[in-house]
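To get my numbering, take the position in the sequence shown, counting from 1, and add 8. As structure tokens, the structure follows; a few thoughts come after it.
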Amino acid sequence: MNCLECNTELDRSERTYSMETLGISLCNAHIDRIEKIIKTKHTPLEAVQLYYALKKAGLHPTLEWWDGRRSIDIAISRVKLNIEIESNYETISHEQAIKDLEEAMLSFKNGFTTIRIPDVLVKYHLKDTVKNLTGIVEGLKINLKAI
Ligand SMILES: [Zn+2]
């Protein structure tokens, strides 16, 4: 098993620690980096897992991308796609929902598409989530070319 970031082969303790804490394979140096991001930006673990899955799929994502106003969980900037991981989406309040919609509207006005992915999709349907996001990126690419 190798580090998803630098491709270094992991030793047994690295492998165990990284799979148990993050559910992905990273060397100690890259675990440190990710843990720092999670701590400072409150990044959901599912965002990290989805980020690496999208990276593996060749979509060139950015984790915690600063859009000038706030930090986006994952951005695929060449097609102006923002991906936000939604926790507790079943218990979302009306206030939060309208705030989310406003955020989506503002980013849309700036040419960005925002997609909210419930964390359970990353947890239980990662493969299908990546497949659909790949399709969305391809669709956006065609639309961007058309402009
Ligand atoms: Zn590494």
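Where is the CB? At the ideal position from N, CA and C, for every residue including glycine.
Contact fails between the segment 101-117 and the segment 51-62, because fewer than three Cβ pairs, one in each stretch, are under 8 Å apart.
Scanning the segment 63-123 for uninterrupted alpha helix (DSSP H) segments of 4 residues or longer gives 102-117, listed from N- to C-terminal end. The set of residues with CB atoms less than 7 Å from any heavy atom of ligand 1 reads, in chain order, Cys-11, Glu-13, Cys-14, Thr-16, Leu-34, Cys-35, Ala-37 and His-38.
Buried is the label assigned to Ile-82, since at least 16 other Cβ atoms lie within 10 Å of its Cβ. When the five nearest sequence neighbours on each side are left out, the beta carbons in the same chain lying within less than 7 Å of the beta carbon of Glu-13 are those of Leu-34 and His-38, in order along the chain. Distance from the CA of Ile-93 to the CA of Lys-63, rounded to the nearest whole angstrom, comes to 16 Å. If you ignore the 5 residues before and after Asn-36, its C-beta comes within less than 6 Å of the C-beta of Glu-22, all in its own chain and listed in chain order.
In this structure, the straight-line span from the alpha carbon of Glu-146 to that of Ser-115 is close to 19 Å.
Distance from Leu-148 to Leu-89 at the Cβ level is roughly 6 Å; contact confirmed, criterion being Cβ atoms closer than 8 Å.
When only Cα atoms are considered, Ile-123 and Arg-20 end up about 37 Å apart.
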